[in-house]
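If you count by the working numbering, then the sequence shown holds residues 7 to 502, one letter each, in order. So the structure is just underneath, and the comments pick up after that.
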Amino acid sequence: MMALNELTIAQARDLLAKGEVTSADLTEACLTAIESATTLNAVTTVTADKAREMAKAADARISAGDATAMTGIPLGIKDLFAVEDVPTQAASNILGGFKPRYESTVTRNLWASGAVMLGKLNMDEFAMGSSNESSAYGPAISPWREDGSDAAITPGGSSGGSAAAVAADLCLAATGTDTGGSIRQPAAFTGTVGLKPTYGRCSRWGIVAFASSLDQAGPMTKTVRDAAIMLGAMAGHDPMDSTSADLPVPDFEAALTGDIRGKKIGIPREYRVEGMSASVDTLWAEGTAKLRDAGAEVVDISLPHTKHALPTYYIIAPAEASSNLSRYDGVKYGHRATLSAGEGINDMYEKTRAEGFGPEVQRRVMLGAYVLSAGYYDAYYKKAQRVRALIKQDFEAVFADGVDAILAPATPSPAWQLGAMKSADPVEMYLQDVFTVTLNLAGLPGISVPAGLSSKGLPLGLQLIGRPFEEADLLNTAYALEQATGFSAKADKWWT
Ligand code: GLN
């Protein structure tokens, strides 16, 4: 049998139900794997005592015949989710020492389903980044390496720790958040599945805010089936979040028939961008052919405002971030700078924020403050909101034409070596989000499915984009794609 930490949620659920394993066994296997993988820097806080306690309770619940699909499943939690009494730092020094007195709705839902909390996972500071290199804990490292090289590779970001932890089998699955691609890009970089649900599907309450109109939590898993199972446990209406959708949560797993005959799949011509790697281009063509072979009707579509998505995102996201992050002032949470004699409250704010925020966060706060400032609000922020509406209309028009899902690459290239973007203009990194930010601007669900390897042996993902609140249908198309590509590669466990 596979090592227990290597199981998928669905496999573990079935073994738990048959009484062939216990949650305590699964949990110990994950805790041991975490201990031997400190090199990956994926886990920032291990909550071993809590995990063992929760596993015991889950085993009792399973014995009592009261289990859900998630009961007893050990999970890693991105450091952006408030977990009661567990350090929650958003990978920032400004939240050093902060332990929330409350629980995020998504994690509360997961614990109510019986899932087990293993610990907190690394990420880019305040979820700003695409490589996990802006983390105050230092970068997380991908379990993957290029063929014939031992150079450290980025697991992507901002949910880099989540992706690395799932790909390295340190947990059965993890939570992530996606503001502009932070679930889908790291999933693509690590050969895992990442689902960004429709905006409003999962409550944002208790998740450290980056850009409130774009942020959305979702599952990061080993398979599409697991994404369906876990989303079911995370989602649901929450009166604490006024943007949370008051809609029933369907049985997503039941939708996985793999039958996509007659589905209309759109291939957006504007996603064929300059500088896209040849292996990504090939993968996209192969994925298209596979969906056609599975009985889907493939059509060319146009999303004409795509080229404006990145500049629009990099105005709206920093604007909302600068407003959200104004709460970190040294008074309410975490870090407070030491003052010299004669320094006052303004010095305290300035010093605290200068010490507490890393360079990428400072850059975004300044960008955001600028585009929101009186003289520039109309020229930048308001204009970006208008363009955002046009981007959303592009998708609406395509869906109104009967397109069920859109197939595109998840990223323009495979993962890069750590440090490769260090000297580059920050915009170089922003360009990596070209295929992911459009969905967040439009509020749509998207999923990255591992679909192949690059010429150097690194994973590549394809992205499927669905209609709002039709995750069940999207997951089924992703399931068909997963079956057609048959991706099963795993990273060698070089770190153990
Ligand atoms: N890479 C994007 C950014 O830095 C997206 C991050 C995210 O989705 N949280 O803003």
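Where a beta carbon is used, it is the ideal one built from N, C-alpha and C, also for glycine. Every value quoted in this text rests on a predicted model; they were computed, and no experiment measured them.
| Check | Outcome |
| --- | --- |
| Quick one: Cα of LEU116 to Cα of LEU81, how far? | 9 Å |
| Please return the same chain residues whose Cβ sits closer than 6 Å to the Cβ of CYS208, not counting the five positions on each side in sequence. | VAL112, ALA223, MET240 and ALA241 |
| With DSSP as the reference, please indicate the residues paired to ALA411 in a beta bridge. | ILE271 and GLY472 |
| Would you call the segment 412 to 420 and the segment 275 to 284 touching, i.e. three or more CB-CB distances under 8 Å? | yes |
| Do VAL367 and GLU131 have their CB atoms nearer than 8 Å? | yes |
| When the Cβ atoms of the segment 131 to 145 are set against those of the segment 93 to 102, are three or more pairs found closer than 8 Å? | yes |
| Measuring CB atoms only, is the segment 387 to 405 touching the segment 326 to 342, in the sense that at least three cross pairs come out at less than 8 Å? | no |
| Need the endpoints of the alpha helix (DSSP H) that ASP439 sits in, please. | Element bounds for ASP439: n/a, residue is neither H nor E. |
| Let's test the definition: count the other Cβ atoms within 10 Å of the Cβ of SER165 and tell me whether it reaches 16, buried, or not, exposed. | buried |
| Closer than 7 Å to a non-hydrogen atom of the ligand GLN - does that hold for the CB of GLY135? | yes |
| Taking the straight line between their C-alpha atoms, what separation do you get for ARG342 and GLY212? | 22 Å |
| Buried or exposed: where does ASN352 fall if 16 or more other Cβ atoms within 10 Å of its Cβ makes it buried? | exposed |
| Once the 5 residues before and after LYS269 are set aside, which same chain residues still bring their CB inside 6 Å of it? | ALA302 and ASP410 |
| So, at 6 Å on beta carbons, what are the nonlocal neighbours of PRO456 in its own chain, with the 5 sequence-adjacent residues on each side left out? | GLY197, PRO465, GLY467 and PHE493 |
| Below 8 Å on the Cβ atoms is my guess for GLU477 versus PHE258; work out the distance and round it to an integer in Å. | 6 Å |
| Determine the DSSP secondary structure at GLY458, reduced to helix, strand or coil. | strand |
| Which same chain residues end up closer than 6 Å to ALA75 when comparing Cβ atoms and leaving out the 5 residues on each side of it in sequence? | ARG19 and ILE235 |
| With a threshold of 8 Å, are at least 3 pairs of Cβ atoms found where one atom belongs to the segment 293 to 302 and the other to the segment 482 to 490? | yes |
| According to DSSP, which residues form a beta bridge with PHE195? | According to DSSP, PHE195 bridges with nothing at all. |
| Should the segment 85 to 92 be called in touch with the segment 332 to 348, which here means at least 3 C-beta pairs below 8 Å? | no |
| Using CA coordinates, which residue listed in SER219, LEU176, ALA171 and VAL230 is at the minimum distance from GLY200? | VAL230 |
| How many angstroms separate the CA atom of ALA169 from the CA atom of ALA66? | 30 Å |
| Is ALA121 helix, strand or coil by DSSP? | coil |
| Nearest CA to the CA of LYS202: which residue from ASP252, VAL404 and PRO225? | PRO225 |
| What are the start and end residues of the beta strand (DSSP E) that includes GLY224? | 223 to 227 |
| Note down the Cα distance separating ALA426 from ASP439, rounded to an integer number of angstroms. | 16 Å |
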